[in-house]
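Numbering (my numbering), first residue to last: 11 to 598.
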């Protein structure tokens with residue numbers, strides 16, 4: 011699954027024409043609708059891993075946190091441009107020509123005058139400073155965000171107007187504005203650090219890696235804060251979870267549902283017409299956890315839920331002909347910015363040879379998966395960049411399904427079927443080892459199980475054993491982060507414009523495959539600060555070629571969105587996962 015990560019937030023413009031609608035009809039049977047309220051019930055297929063924006067990593071948590079908390083800038087669902095949310099506008103940007111930050115950039119933001127926390131206290135630049143400190147505290151498990159703040163050197167809050175602040179960097183960064191404004195939601199300092207543990211530590215200490223690393227070993231306040239911010243109360247507890255967004259947590263029934271209710275007199279209501287990212291129309295949002303796809307489909311037909319995304323491709327094809335669905339729901343197929351692949355643990359002795367990983371890529375019949383399981387609602391993918399991007403390396407063709415070539419590559423790497431049991435083997439540390447690999451999948455998605463079975467059958471022809479292992483999604487994420495797996499299903503939302511590979515591919519990022527070295531780290535670091543498009547595109551293509559050759563991930567496909575939403579709502583489908591923003595559902 012996907013890295014609920016910054017890719018979701020670091021966005022610029024793409025054409026609105028990415029979106030198209032399938033089987034959309036005007037409401038016909040309003041009198042027969044069972045549900046007519048302004049509340050929205052959303053199906054999610056797994057429980058979120060907590061509602062702490064600094065720590066949660068799943069797409070399910072991101073969906074909910076986007077309703078509880080606010081960014082400085084957020085996303086327009088149609089244009090996919092960043093637009094103001096907490097901030098009044100895009101920042102004032104000024105290049106720095108002298109002083110300690112010469113060569114860098116100053117970004118000045120103004121927060122809405124009315125922006126307030128749940129207790130009525132104003133949202134200020136000091137809250138943003140606190141949030142950056144929390145991310146950069148090495149004792150806090152927020153390392154996946156740190157690369158995006160690495161270029162920040164200082165933040166100054168206007169002494170006369172605490173809602174105005176300036177972020178100073180010492181270098182240019184291809185995603186500078188996006189990184190500052192939409193990496194992580196702003197947290198309330200007075201509620202998430204009530205003891206002021208971080209308040210008296212200068213922000214410039216946090217932005218100096220050597221200083222903050224040394225301080226973390228000697229100053230107990232950093233660990234005390236980490237213990238507090240990482241406590242369960244800020245992940246699951248009603249009342250403790252508090253943001254500046256339009257909704258608040260009402261209840262969380264484990265493995266059942268998460269309920270949010272709109273705040274009375276929410277500060278953004280008066281501004282929403284001018285600032286669309288502040289729109290919040292439903293009075294209640296219920297995220298109903300339904301793991302089984304058949305159960306979700308039955309709930310849809312019974313009108314027990316209002317919106318379902320990622321419908322199984324076969325089911326989606328079938329329900330187009332079902333009046334129980336089409337008379338009540340509109341069906342959409344928005345373009346998708348999601349990529350699906352197989353994580354490969356390059357640290358594992360069975361998989362640390364790129365020839366073995368290349369053989370694995372040649373042993374999977376992706377076209378069969380697309381045609382038989384996705385009913386053609388997907389396209390092949392060759393690397394970490396979508397083929398529609400102008401900086402995609404078009405010379406890289408998807409690995410072909412070729413069991414004989416896979417066998418040859420395995421033999422070259424020393425893997426042969428010495429005991430004639432159908433699976434190749436090799437002596438590793440003096441012990442005969444079969445190339446039998448476990449493949450982690452979530453129990454909640456039938457298509458994931460079917461893909462695993464196709465892969466298992468395909469790979470067997472090349473002498474590779476693949477054994478699907480079902481685990482809860484949160485456990486899969488934990489195993490990936492610890493590197494305790496062999497193969498795992500994977501997916502991520504991809505930026506529609508510029509790609510920052512730091513998070514997934516730098517050895518100091520949230521690198522789940524274990525692949526990376528000094529060469530790729532340097533390439534990534536240089537790419538991030540190269541503003542010349544021609545030079546940057548060449549660096550992009552070079553990195554893609556390295557990843558393609560090394561195969562730390564086996565790329566599969568880019569699916570089309572498959573979304574059903576109740577006809578009583580006006581819905582703007584979006585290319586961003588999951589294909590809709592529930593806070594923008596308007597009752598007709």
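The C-beta atom is built at its ideal place from N, Cα and C for all residues, glycine as well.
On a predicted model such as this, the values are computed, not experimentally measured, just so you know.
- Residue 220: not part of any beta strand (DSSP E); member of the alpha helix (DSSP H) spanning 219 to 228, first to last residue.
- In this model, residue 337 and residue 257 are separated by some 31 Å (Cα to Cα).
- Residue 559 places its beta carbon 8 Å or farther from that of residue 399.
- Using a Cβ distance threshold of 8 Å, residue 276 and residue 287 do not count as a contacting pair.
- If you check the CB distance, residue 473 and residue 417 come in under 8 Å.
- Inside the segment 375 to 452, DSSP marks whole beta strand (DSSP E) runs of 3 or more residues at positions 388 to 390, 435 to 438, 441 to 444, 446 to 451, from first to last along the chain.
- By the C-beta density criterion, residue 63 is buried, having at least 16 other C-beta atoms within 10 angstroms.
- As the crow flies, the alpha-carbon of residue 305 is around 18 Å from that of residue 268.
- It is roughly 40 Å from the alpha-carbon of residue 280 to the alpha-carbon of residue 333.
- Annotation for residue 389: 380, 397, 567, 568 place their beta carbon closer than 8 Å to its own, counting only its chain and skipping 5 residues before and after.
- Excluding five sequence positions before and after residue 325, the CB atoms of its chain that fall closer than 6 Å to its own CB belong to 307, given in chain order.
- DSSP places residue 480 within a strand segment (E or B) once states are collapsed to three.
- With a minimum length of 3 residues, the unbroken runs of beta strand (DSSP E) contained wholly in the segment 270 to 339 fall at 294 to 299.
- Note on residue 60: 16 or more other CB atoms within 10 angstroms of its CB, so buried under the neighbour-count rule.
- Around the beta carbon of residue 170, a 10 Å sphere encloses fewer than 16 other beta carbons of the protein chains shown; the residue is thus reported as exposed.
- Each residue's CA atom was taken as its position, placing residue 594 and residue 95 some 14 Å apart.
- In this chain, the alpha helix (DSSP H) harbouring residue 537 covers 528 to 537.
- Cβ-Cβ distances below 6 Å link residue 327 to 385 in the same chain, with the five nearest sequence neighbours on each side left out; the list follows chain order.
- Collapsing the DSSP output to three states places residue 268 in a strand.
- Just so you know, the alpha carbons of residue 369 and residue 456 end up roughly 26 Å apart.
- In the three-state DSSP reduction, residue 80 falls in the strand class (E or B).
- Here residue 544 is exposed: its Cβ has fewer than 16 other Cβ atoms, across all protein chains shown, within 10 Å.
- Here residue 253 has 78, 79 as same chain residues with Cβ atoms under 6 Å from its own Cβ, once five neighbours each way along the sequence are excluded.
- Taking C-beta atoms under 8 Å as the contact rule, residue 50 and residue 316 qualify, at a distance of about 5 Å.
- Counting the other CB atoms within 10 Å of its CB gives residue 103 a total below 16, which places it among the exposed residues.
- Linking residue 108 to residue 117 through their CA atoms gives a straight-line distance of about 16 Å.
- By the beta-carbon neighbour count (other beta carbons within 10 angstroms, threshold 16), residue 469 is buried.
- The three-state reading of DSSP puts residue 166 in strand, counting E and B together.
- When beta bridges are read from the DSSP output, residue 352 appears opposite 499, 564.
- The criterion of a C-beta distance shorter than 8 Å is not satisfied by residue 339 and residue 372.
- Only exposed fits residue 438, as fewer than 16 other CB atoms lie within 10 angstroms of its CB.
- Annotation for residue 262: the continuous beta strand (DSSP E) segment containing it runs 257 to 263.
- In the three-state reduction of the DSSP assignment, residue 157 falls in the helix class, which pools H, G and I.
- Residues of the same chain with a CB within less than 8 Å of the CB of residue 187, apart from the 5 flanking positions on each side, are 83, 92, 100, 101, 103, 117 in chain order.
- It is roughly 43 Å from the alpha-carbon of residue 159 to the alpha-carbon of residue 309.
- Residue environment analysis places residue 577 among the buried positions, since at least 16 neighbouring C-beta atoms fall within 10 angstroms of its C-beta.
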